[in-house]
Ligand code: KIV
Ligand code: ZN
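In my numbering, the protein residues as written are 570 to 956.
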């Protein structure tokens, strides 16, 4: 199995979710949990953006020892120096330089020619090399950049000393087909590409961040970037937990694996949700409340006979104790019987039939049936038996 490196940017791109602000203490707690989860690299922040950010990156660098720590920088000396100072205490520091490459960004944001972009990439990487062994260079908006220019800039970045080259889908514009093809072309046309880590970083504007990331893996990238719960700018980043579980579940397709400690995923998700105040959508893949809940009678019956009928991942894999059979309007007799048994009652077949009849009347009136409701139905049946 090929190893896929995980670059977690929950503390940088994730914190760019509108309304999210993490204190240094919260960043440190999340970073320690990410270390426990086994991510390879943690992007702790963007030191040039504020004095508080420098303090946070310094603290994360001081406490985390089993993951590399990255800090973001634009392609200029001032930003690089801020990152250098903030990352001083890190065991394995990494400078992450970002520079936009697409025609739209070159024209409207940077007001730079292609030649100027190439020159800024080269000089900033060479400057960073004075202080860092590890340098990641990101071609912002790569998915909307001319492919010939991408070859040129990736070649330049490698020559100047970048150890990771990241091609992001900054605005979530790519489709799995086009994005996968871009990586295939890069691999085929840039000499020396095998000497560095090729990385991807996707946004979810069209809901395709995970699919695009998997297409990139399928076409040979070595590193994926994302956040826990997929938080981040606008519609967010690739959800790391989704990619990790897709690789785990479909190793037949991707033949690749992360080194994440999968049973730390749920605890990490809860912590990030609590500290950022970003609720996890209930039906979100992997970590949503409903991801391992079953309501329909047909599904519940299948689950009780053999869980793989309706679950492709066991909840314990990500650190959830068990699946839930939700009792509601669509539930069947089998699930109700098991529920009654799990609550410690021993009812005969006829008693179950009677309780099931009352249960069906109740679920037409109530959205959620809780244990107290079941207990009341069973009690009512027992009173009836003694009459
Ligand atoms: O989305 C993006 O392009 C980024 C870069 C800094 C990698 O966040
Ligand atoms: Zn991003």
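A virtual CB, placed ideally from N, CA and C, is assigned to each residue, including glycine.
Give a yes or no on whether the C-beta atoms belonging to residue 664 and residue 642 are separated by under 8 Å.
A contact, by the Cβ cut-off of 8 Å.
CB-CB length for residue 841 against residue 797, believed under 8 Å
4 Å
Is the beta carbon of residue 636 sitting closer than 8 Å to the one on residue 603?
yes
Name the DSSP beta bridge partners of residue 576, please?
Beta-bridge partners assigned by DSSP to residue 576: 610 and 794.
Contact under 8 Å by Cβ, residue 705 with residue 735:
In this structure, residue 705 places its C-beta atom within 8 Å of the C-beta atom of residue 735.
Under 7 Å: does the beta carbon of residue 709 sit that close to some heavy atom of the ligand KIV?
Taking 7 Å as the cut-off, one finds at least one heavy atom of the ligand KIV near enough to the beta carbon of residue 709.
What I want to know is whether the C-beta of residue 582 ends up closer than 7 Å to one or more non-hydrogen atoms of the ligand ZN.
yes
Pick out whichever of 900, 592 and 625 has its Cα sitting closest to the Cα of residue 933.
900
Give me the Cα-Cα distance between residue 930 and residue 612, rounded to the nearest whole angstrom.
54 Å
Supposed close pair residue 697, residue 666 - CB separation, criterion 8 Å
6 Å
Assigned secondary structure, residue 620 (DSSP; H/G/I helix, E/B strand, else coil)
Secondary structure at residue 620: helix, using DSSP grouped into helix, strand and coil.
Which residues does DSSP list as the beta-bridge partners of residue 571?
825
Can you tell me whether residue 815 is helix, strand or coil according to DSSP?
helix
Tell me the DSSP bridge mates of residue 737?
770
Could you tell me whether any non-hydrogen atom of the ligand KIV is closer than 7 Å to the CB of residue 739?
Checking the Cβ of residue 739 against the ligand KIV gives yes.
If we call anything under 8 Å between Cβ atoms a contact, is residue 879 one with residue 859?
no
Is residue 665 helix, strand or coil when you go by DSSP?
strand
So the candidates are 913, 907 and 943; which of them puts its Cα closest to the Cα of residue 924?
943
Please say whether residue 686 and residue 661 have beta carbons closer to each other than 8 Å?
Inclusion of residue 661 and residue 686 in the CB contact set at 8 Å is not warranted, their separation being larger than that value.
Have a look at 674, 668, 639 and 644 and flag the residue whose alpha-carbon is nearest the alpha-carbon of residue 657.
639
So, for residue 646: in the same chain, excluding its five sequence neighbours on each side, which residues have a beta-carbon less than 7 Å away from its beta-carbon?
The residues are 696.
At a cut-off of 7 Å, is residue 773 close to the ligand ZN when judged by its beta-carbon and the heavy atoms of the ligand?
no
Tell whether a beta-carbon distance below 8 Å holds between residue 596 and residue 580.
yes
List the endpoints of the continuous beta strand (DSSP E) containing residue 713.
Element bounds for residue 713: n/a, residue is neither H nor E.
Taking three-plus beta-carbon pairs below 8 Å as touching, is the region 737 to 747 in contact with the region 777 to 786?
Touching, yes.
Between the region 613 to 623 and the region 811 to 829, do at least 3 Cβ pairs fall closer than 8 Å?
no
Alpha carbon to alpha carbon, how far is residue 856 from residue 802? Give it in angstroms, no decimals.
Taking the straight line joining both Cα atoms gives about 20 Å.
Could you tell me which of 763, 727, 837 and 897 sits nearest to residue 939, measuring between CA atoms?
897
Have a look at 778, 792 and 709 and flag the residue whose alpha-carbon is nearest the alpha-carbon of residue 609.
792
Any non-hydrogen atom of the ligand KIV closer than 7 Å to residue 641 Cβ:
Yes - the ligand KIV has a heavy atom lying nearer than 7 Å to the Cβ of residue 641.
Among the candidates 805, 870 and 947, whose CA atom is the shortest distance from the CA of residue 849?
805
Only counting the same chain, and skipping five residues up and downstream in sequence, which positions put a Cβ closer than 7 Å to that of residue 626?
613, 614, 616, 640, 655 and 656
Integer-rounded CB distance, given that residue 882 should sit under 8 Å from residue 814:
6 Å
Helix, strand or coil at residue 880 according to DSSP, with G and I counted as helix:
coil
By the 10 Å Cβ neighbour count, where 16 or more other Cβ atoms means buried, how is residue 835 classified, buried or exposed?
Residue 835 is classed as buried because its beta carbon has at least 16 other beta carbons within 10 Å across all chains shown.
Could you work out which residue in 727, 717 and 649 is closest to residue 693 when comparing CA atoms only?
649
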